[in-house]
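See below for the structure under consideration.
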């Protein structure tokens with residue numbers, strides 16, 4: 001019998017590999033797996049990709065370098081600590097005890113049964129677990145283990161027998177009864193924080209006012225809601241304030257004197273703290289020498305001090321349209337740690353040398369004393385690039401700005417060469433006046449002046465990570481993992497509906513950039529950028545270097561913003577320790593280095609908390625702005641499709657809101673998750689991700705930040721604006737469904753939901769460094 005050609009042996013699926021590992025207890029090597037499936041040398045890289053995907057999803061564990069093993073299952077009953085919420089607002093926790101190698105699985109905590117106390121972030125609960133997707137679990141709360149008074153934030157309204165508290169959380173649709181004796185003097189229209197009481201009154205839950213936060217219409221009420229709802233610390237401890245107040249000017253001492261170097265800061269017009277300064281000059285060989293100087297926060301914030309403890313607790317600064325909740329007291333964040341023009345400031349700086357194509361040749365870190373030459377804005381620098389000078393930029397043009405722009409073009413060329421992910425998502429900028437009223441919603445402009453600073457900051461961050469790795473010193477890496485396998489499959493399914501194919505096997509950012517280039521200047525451009533972004537992993541902080549997929553970098557750590565990110569402060573301390581640039585009490589303590597894994601989880605959590613709070617504020621301000629426009633018509637696109645309805649994004653403001661499926665009349669709709677489509681059973685009408693539609697604003701709720709739209713009727717079978725033709729494919733009605741279809745009835749649709757985009761290192765506000 002002729003031997004079967006091994007080239008015809010199919011590559012196993014992810015399920016095949018997982019089933020094989022599960023069915024063979026003990027340690028299994030990659031070689032054993034390849035032999036088991038009779039794979040050729042050409043097919044083995046695909047097996048490696050499958051193993052990496054299963055490992056990152058927590059489906060298997062690597063006990064030794066080449067031996068994956070199926071992880072032990074958690075028991076059915078487990079004590080869980082609730083650590084935060086995901087992008088959809090669902091509670092997420094982790095086991096209280098975890099002795100296995102690697103990170104523990106995530107537990108998505110489901111709603112508790114009636115009679116149990118409400119649980120929230122920080123609570124310890126006993127959960128009954130059921131296996132979920134990607135190695136994670138769903139947990140049903142059985143008992144609350146640590147009793148903490150549950151609280152709710154809301155606005156007081158008039159009730160039948162007292163006051164009614166309407167929660168600010170759009171997911172909490174049932175109000176609370178406030179007895180008159182429990183109102184603490186608060187009146188109708190006030191924003192309050194209340195404690196949830198046991199028992200019910202007139203069928204409603206009861207609560208007691210703990211804190212009066214002022215009128216909902218007062219300036220700052222919107223950001224105040226987010227601060228309280230997410231538990232963001234606002235007040236600094238007295239000992240931390242006292243320590244900050246005693247801060248003094250740093251002496252030159254053994255520092256490198258940089259005061260003669262014309263370093264400049266470049267930030268937004270509304271920036272109040274300036275923690276990075278830049279300078280560049282051409283080299284004789286046609287390359288560039290650049291200097292990035294960062295405020296020396298570690299000189300003022302020593303390990304274990306009150307300032308250090310409160311900075312760690314906060315994790316990062318939080319930015320709202322009307323205020324900033326800083327990580328450090330103002331005496332430091334806007335004072336001694338802010339690189340003000342013409343004032344001497346201590347800094348940690350990195351000299352970098354690049355060739356003519358922007359490839360880094362070498363670098364060196366120093367600790368210096370600098371004096372900023374000027375405080376410039378992005379607008380000023382961009383105008384200077386375009387030949388429009390003012391009294392500040394004109395003297396700096398030849399010696400400072402032109403060399404900076406030349407260095408930027410070289411770095412940008414190298415970025416394109418290495419293939420960094422180029423996702424472009426328009427962002428909203430909320431403008432408010434002194435009364436807290438929204439005056440405008442504008443798109444954030446991303447110009448070459450923004451990109452100049454970004455490229456220099458990225459280069460400095462790479463230098464920090466490379467230096468610490470070469471020293472074998474602890475480092476808090478900024479890690480962006482490859483996209484999860486399941487999200488990639490969903491992305492491929494969607495792209496096929498518009499005539500595009502994403503490569504299989506090991507992917508690089510270039511594969512995604514190729515897709516984005518295909519849809520450039522077409523009706524699908526914004527849509528595909530959004531869907532590709534949602535397919536990416538979320539960036540985290542961890543002492544384990546796994547590279548930065550989005551930037552196409554093997555080594556990356558945050559170094560450039562220690563005023564507003566605790567991760568950067570840890571990197572500064574590690575550099576000062578490893579390079580011997582300071583005194584012993586400035587070095588990174590061994591116990592702090594040993595706790596890097598826990599610190600990484602904590603500051604990743606505070607970063608997600610800040611991002612969600614910032615999104616909530618933007619949503620509420622947008623709802624305030626739109627409240628006077630109820631009944632008006634708007635053009636937009638379908639931004640997301642769910643079984644309960646459609647989310648639409650308006651062209652003019654970028655506002656997002658829900659079209660409930662209950663308002664899609666005249667038919668019964670099927671939800672096709674893979675195709676991102678709701679399709680009428682009659683076959684006459686379908687709604688697909690990216691469709692252009694005309695809508696009427698039916699409701700704007702500033703308290704919860706939710707917008708509800710209805711589709712404008714233009715005839716029985718014509719609810720869309722004219723569909724756009726593109727170079728990829730023109731749709732002619734709904735495609736036949738493949739796989740399982742889910743019937744969706746109108747009564748299943750929740751009325752007050754808002755799309756929540758996941759946080760990613762490739763999506764950020766101008767002025768916030770990567």
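In my numbering, the protein residues as written are 1 to 770.
Ideal Cβ placement from N, Cα and C applies to all residues, glycine included.
Which one or two residues does DSSP pair with residue i in a beta bridge?
i           : result
residue 347 : 295, 368
residue 127 : 78, 141
residue 353 : 289, 362
residue 156 : 165
residue 565 : 316
residue 656 : 649
residue 108 : 92, 138
residue 515 : Paired residue(s): none; residue 515 is not in a bridge.
residue 686 : 679
residue 785 : Missing from the structure shown is residue 785; the chain here goes from 1 to 770 and no further.
residue 442 : 429
residue 480 : 548
residue 710 : 696
residue 224 : In the DSSP output, where bridge partners are listed per residue, residue 224 has none listed.
residue 640 : 647
If residue i sits next to residue j, beta carbons under 8 Å apart, how far is it from one beta carbon to the other, in whole angstroms?
i           : j           : result
residue 540 : residue 479 : 6 Å
residue 476 : residue 600 : 6 Å
residue 264 : residue 107 : Rounded, the Cβ-Cβ distance is 49 Å, inconsistent with contact.
residue 298 : residue 562 : 7 Å
residue 458 : residue 266 : Not a contact, Cβ separation roughly 15 Å.
residue 518 : residue 500 : 6 Å
residue 703 : residue 216 : 7 Å
residue 178 : residue 207 : 6 Å
Tell me where the alpha helix (DSSP H) around residue i begins and ends.
i           : result
residue 449 : 448-470
residue 615 : 596-626
residue 697 : No alpha helix (DSSP H) contains residue 697, which is instead part of the beta strand (DSSP E) from 692-701.
residue 527 : 525-534
residue 239 : 238-245
Looking only at its chain, what residues have a beta carbon closer than 6 Å to the beta carbon of residue i, apart from the 5 residues adjacent to it on each side?
i           : result
residue 617 : 222, 223, 226, 320
residue 742 : In this predicted model, residue 742 has a pLDDT of only 33, less than 50, meaning its place in the structure is not dependable; the value taken from the coordinates is given anyway. Result list for residue 742: 671, in chain order.
residue 733 : Residue confidence is low: residue 733 scores 36 on pLDDT, short of 50, so the model does not pin down where it sits. No coordinate-derived value is stated.
residue 714 : Reliability of the predicted coordinates at residue 714 is poor, the pLDDT of 48 falling under 50, and no value is obtained from them.
residue 376 : 264, 266
residue 646 : 638, 659, 687
residue 53  : 485
residue 547 : 554
residue 283 : 289
If you compare alpha carbons, which of the options is closest to residue i?
i           : options            : result
residue 200 : 658, 511, 164      : 164
residue 349 : 704, 355, 388, 460 : 460
residue 75  : 48, 253, 127, 46   : 127
residue 353 : 456, 140, 550, 615 : 456
residue 161 : 210, 496, 169, 204 : 204
residue 667 : 613, 682, 692, 676 : 682
residue 691 : 492, 652, 635, 661 : 635
residue 436 : 664, 641, 624, 141 : 624
residue 446 : 416, 465, 550, 379 : 379
residue 326 : 589, 129, 606, 572 : 606
Taking the beta strand (DSSP E) that residue i belongs to, which residues open and close that run?
i           : result
residue 167 : 163-167
residue 772 : Lying before the first or after the last residue shown, residue 772 is absent from the chain, which here runs from 1 to 770.
residue 644 : Where residue 644 is concerned, there is no enclosing beta strand (DSSP E), given that its DSSP letter is neither H nor E.
residue 341 : Segment: none, residue 341 is in no beta strand (DSSP E) and carries neither H nor E.
residue 196 : 190-201
residue 276 : 276-282
residue 302 : Where residue 302 is concerned, there is no enclosing beta strand (DSSP E), given that its DSSP letter is neither H nor E.
Under the criterion of a Cβ to heavy atom distance below 6 Å, does residue i qualify as lining the ligand HEM?
i           : result
residue 401 : What this structure holds is no ligand at all, so the ligand HEM is not there to describe.
Kindly list the residues whose CB is nearer than 8 Å to the CB of residue i, restricted to its own chain and excluding five residues on each side of it in sequence; keep chain order.
i           : result
residue 47  : 11, 12, 17, 30, 33, 34, 37, 39
residue 188 : 156, 157, 158, 163
residue 136 : 58, 105, 106, 107, 108
residue 560 : 275, 276, 292, 294, 457, 460, 461, 568, 769
residue 257 : 368, 369
Got a sec? Which residues, its chain only, sit under 7 Å from residue i by beta carbon, not counting five neighbours each side?
i           : result
residue 712 : 633, 694, 695, 696
residue 241 : 329
residue 512 : 421, 532
residue 245 : 331
residue 15  : none
residue 305 : 243
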